[in-house]
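Novice: Mind looking over this structure? Questions follow.
Protein chains in written order, with the numbering used here: chain A, 42 to 289; chain B, 64 to 334.
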């Protein structure tokens, strides 16, 4: 007899990674890196580093060598962006794709875009501003979208509340670090509180959603109470339970 | 300079080709110079519906690849002298459509015609995105049933992101053409109601074309329905749609709906 398995939690996590773009000749670039590390001790120590090799003309052996050399300098590469599959192997960092330029929050350093150039860190204190891990309780920004969200569109705002003045079509999805407010019919998927924010809520004028989730705890349309369908509903988290209720 | 219209839907078999031919013929009958362009490379149908399948020598892919000049590929309609067809290739596939080639062809057609109507293939791949790329106006053809509506919604999203207009930050003028509407099925609840479709898609309604055997008869005869039998219900609906396209405020009548005396004065609000 099968017991009902606990559903796997699918959580979103947003980390700000430092992207290094090595250039040929590699010895010169590594020398530049050493120079940087000398000026700012421990700069790379706590930061996840992604290597962007899209424009780098090296082969598998040279890339492997580079990752090793970086490891010797205490630069731990957690992912490689822009590499051909043939250049990577099981002993290398995993491939990464779809990096976006990071959203702006106050940081005195140079831009940390996913395609970022080598960082300029002259005189910066280590451990400043880079956010890693969930932002719990931090003030979230608010994004307002004034058009219907069409099927197939995927909106991703890991640091904000999202308000949609319009409907969310079947087959569309909204992923927000904060709460999601839909002043219209929610027919697609809404995933709120993805940055570990248990206090996030989902509000809609008319619930026809395919899936709602707060901080990884989700309900599909099948799980939702039938008399909530078509009504104005809010959803929130109580412990590990996703609660829903009619909005007055 | 002509206007470029794309007739698209996402879902297949909803009436894009039929509507392209019908609208094109209706516009041409008013005296405008119209060219209908088939973008469904490899599965062309527009030539059949226009009754030109026995006169195709060169096609869109030939023109793009420089194997033929545009005037050599254009086929003039035998019934309406201001109506032309640019057929698609049947033997090649959509990979032969290049963005630069399509841009050049559409630019040349815009100079020579008042209306360039692009019949998009179904789907969201290259053929469909190239057909919509240079459009000024989009007509989204939808059947009042759930899969068609969702696919149309997807296409509307693409119209707002993958076209030149969208990339330049301009709004693409979009119209909804509801086709194959069957009033008895709508009454029974087997088909979505017009208001439901409008609520989901939120674009202005261009017209409602009723389900009718006249459409099948016309395409078997190789004639756009607005030429074959211009008094049939679908033909009249297409003529009304053309008037709305040109900016006239024509009240939309839902086929089969009984309107009271006052109902005739208050047209249906177009979203």
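For every residue, glycine included, the Cβ atom is placed at its ideal position computed from N, Cα and C.
Note that this is a predicted model, so its numbers are computed, not measured.
Against chain A, with Cβ distances strictly below 8 angstroms, would residue 336 of chain B count as a contact?
Specialist: Any answer about residue 336 of chain B is impossible in this case: the structure gives chain B only from 64 up to 334.
Novice: Could you give the distance in angstroms between the alpha-carbon of residue 116 of chain A and the alpha-carbon of residue 157 of chain B?
Specialist: Translated into positions along the first chain, residue 116 of chain A becomes position 75. Translated into positions along the second chain, residue 157 of chain B becomes position 94. CA-CA distance, residue 116 of chain A to residue 157 of chain B, rounds to 47 angstroms.
Novice: Check distances from the C-beta atoms of the segment 189 to 200 of chain A to those of chain B and list, in chain order, the residues that come in under 9 angstroms.
Specialist: Listed by position along the chain: 189, 190, 191, 192, 193 and 194.
Novice: What are the residues of the segment 210 to 233 of chain A that lie near chain B, defined by any Cβ-Cβ distance shorter than 7 angstroms?
Specialist: 210, 211 and 212
Novice: Among the residues of its own chain, which have a CB less than 6 angstroms from the CB of residue 92 of chain A, if the five just before and after it don't count?
Specialist: If you number the first chain from 1, residue 92 of chain A lands on position 51. Sequence-distant partners of residue 92 of chain A (beyond 5 residues in either direction) whose C-beta falls short of 6 angstroms from its own C-beta, in its chain, are 61, 118 and 121.
Novice: Examine the Cβ distances between the segment 212 to 219 of chain B and the segment 99 to 109 of chain B and report whether three or more of them are shorter than 8 angstroms.
Specialist: Too few Cβ pairs lie closer than 8 angstroms, so no.
Novice: Just to confirm the assignment: which complete beta strand (DSSP E) runs, minimum length 3, are found wholly within the segment 125 to 195 of chain B?
Specialist: 146 to 149 and 178 to 182
Novice: Please confirm whether residue 216 of chain B has its beta-carbon closer than 8 angstroms to some beta-carbon of chain A.
Specialist: The residue given as residue 216 of chain B occupies position 153 in the second chain. With 8 angstroms as the cut-off, residue 216 of chain B counts as an interface residue toward chain A.
Novice: With DSSP as the reference, label residue 225 of chain A as helix, strand or coil.
Specialist: Taking the first residue of the first chain as 1, we reach residue 225 of chain A at position 184. Residue state, collapsed to three classes: strand.
Novice: Would you say the beta carbon of residue 308 of chain B comes nearer than 7 angstroms to a heavy atom of the ligand ZN?
Specialist: By its list of ligands, the structure shown contains no ligand whatsoever, and the ligand ZN lies outside what it can speak to.
Novice: Rounded to whole angstroms, what is the Cα-Cα separation between residue 194 of chain B and residue 63 of chain A?
Specialist: Translated into positions along the second chain, residue 194 of chain B becomes position 131. Translated into positions along the first chain, residue 63 of chain A becomes position 22. Cα to Cα, the separation comes out at about 41 angstroms.
Novice: Could you check which residue in A:246, A:184, A:228 and A:94 has the C-alpha nearest to that of residue 220 of chain A?
Specialist: The residue labelled residue 220 of chain A in the question sits at position 179 within the first chain. Minimum Cα distance to residue 220 of chain A is reached at A:184.
Novice: Hey, is residue 219 of chain B's beta-carbon within less than 8 angstroms of any beta-carbon in chain A?
Specialist: Your numbering for residue 219 of chain B matches position 156 in the second chain. So, interface residue.
Novice: Can you name, in chain order, every residue of its own chain whose Cβ lies under 7 angstroms from the Cβ of residue 182 of chain A, other than the five neighbours on each side?
Specialist: Numbered from 1 along the first chain, position 141 holds the residue referred to as residue 182 of chain A. So the list reads 200 and 201, once near-sequence residues are dropped.
Novice: If we cut at 8 angstroms on Cβ distances, does residue 189 of chain B have a partner in chain A?
Specialist: As a working note, residue 189 of chain B is residue 126 in the second chain. Against chain A, the CB of residue 189 of chain B has no partner CB under 8 angstroms away; the residue lies outside that interface.
Novice: Determine the chain A residues that contact residue 213 of chain B at a beta-carbon separation under 8 angstroms, and present them in chain order.
Specialist: Against the second chain, residue 213 of chain B aligns to sequence position 150. The contacting residues are 192, 210, 211 and 212.
Novice: Could you give the residue range of the alpha helix (DSSP H) that holds residue 243 of chain B?
Specialist: Working through the second chain from its first residue, we reach residue 243 of chain B at position 180. Unbroken run through residue 243 of chain B is the beta strand (DSSP E), 236 to 244; no alpha helix (DSSP H).
Novice: Would you kindly work out how many angstroms separate the C-alpha atoms of residue 126 of chain A and residue 133 of chain A, rounded to a whole number?
Specialist: Counted from its first residue, the first chain places residue 126 of chain A at position 85. Counted from its first residue, the first chain places residue 133 of chain A at position 92. Distance between the alpha carbons of residue 126 of chain A and residue 133 of chain A is about 11 angstroms.
Novice: Using a Cβ-Cβ cutoff of less than 7 angstroms, which residues in the same chain neighbour residue 137 of chain A once the five nearest sequence positions on both sides are dropped?
Specialist: To locate residue 137 of chain A, count along the first chain from 1; it is residue 96. Non-local C-beta neighbours of residue 137 of chain A in its own chain, meaning closer than 7 angstroms and more than five positions away in sequence, comprise 91, 120, 121 and 122, ordered along the chain.
Novice: Which residue's Cα is closest to the Cα of residue 308 of chain B: B:87, B:64 and B:148?
Specialist: Here residue 308 of chain B refers to the residue found at position 245 of the second chain. Ranking B:87, B:64 and B:148 by Cα distance to residue 308 of chain B puts B:87 first.
Novice: Along the chain, where does the beta strand (DSSP E) containing residue 254 of chain A start, and where does it finish?
Specialist: As a working mapping, residue 254 of chain A is identified with position 213 in the first chain. 252 to 255 is the extent of the beta strand (DSSP E) around residue 254 of chain A.
Novice: Inspect the beta-carbon positions of residue 260 of chain B and residue 297 of chain B and report whether they are closer than 8 angstroms.
Specialist: Taking the second chain and counting its residues from 1, one reaches residue 260 of chain B at position 197. Taking the second chain and counting its residues from 1, one reaches residue 297 of chain B at position 234. No, the Cβ-Cβ distance between residue 260 of chain B and residue 297 of chain B is not below 8 angstroms.
Novice: Determine, using beta carbons only, whether residue 242 of chain A and residue 226 of chain A come nearer to each other than 8 angstroms.
Specialist: Here residue 242 of chain A corresponds to residue number 201 of the first chain, with the count starting at 1. Here residue 226 of chain A corresponds to residue number 185 of the first chain, with the count starting at 1. For residue 242 of chain A and residue 226 of chain A, no; Cβs fall outside 8 angstroms.
Novice: Between which residues of its own chain and residue 83 of chain B is the CB-CB distance below 7 angstroms, once the five residues before and five after are set aside?
Specialist: Sequence index remark: in the second chain, residue 83 of chain B carries index 20 (1-based). Contacts found: 70, 99, 109, 180 and 182.
Novice: Return the CA-CA distance between residue 140 of chain A and residue 94 of chain A, expressed in angstroms with no decimal places.
Specialist: On the first chain, position 99 is the one that residue 140 of chain A refers to. On the first chain, position 53 is the one that residue 94 of chain A refers to. C-alpha separation (whole angstroms): 13 angstroms.
Novice: What do you reckon, are the CB atoms on residue 159 of chain B and residue 124 of chain B nearer than 8 angstroms?
Specialist: Taking the first residue of the second chain as position 1, residue 159 of chain B is located at position 96. Taking the first residue of the second chain as position 1, residue 124 of chain B is located at position 61. Contact: yes.
Novice: Identify whether residue 49 of chain A lies in helix, strand or coil by the three-state DSSP scheme.
Specialist: Position 8 of the first chain, counted from the first residue, corresponds to residue 49 of chain A. DSSP places residue 49 of chain A in coil when its eight states are reduced to three.
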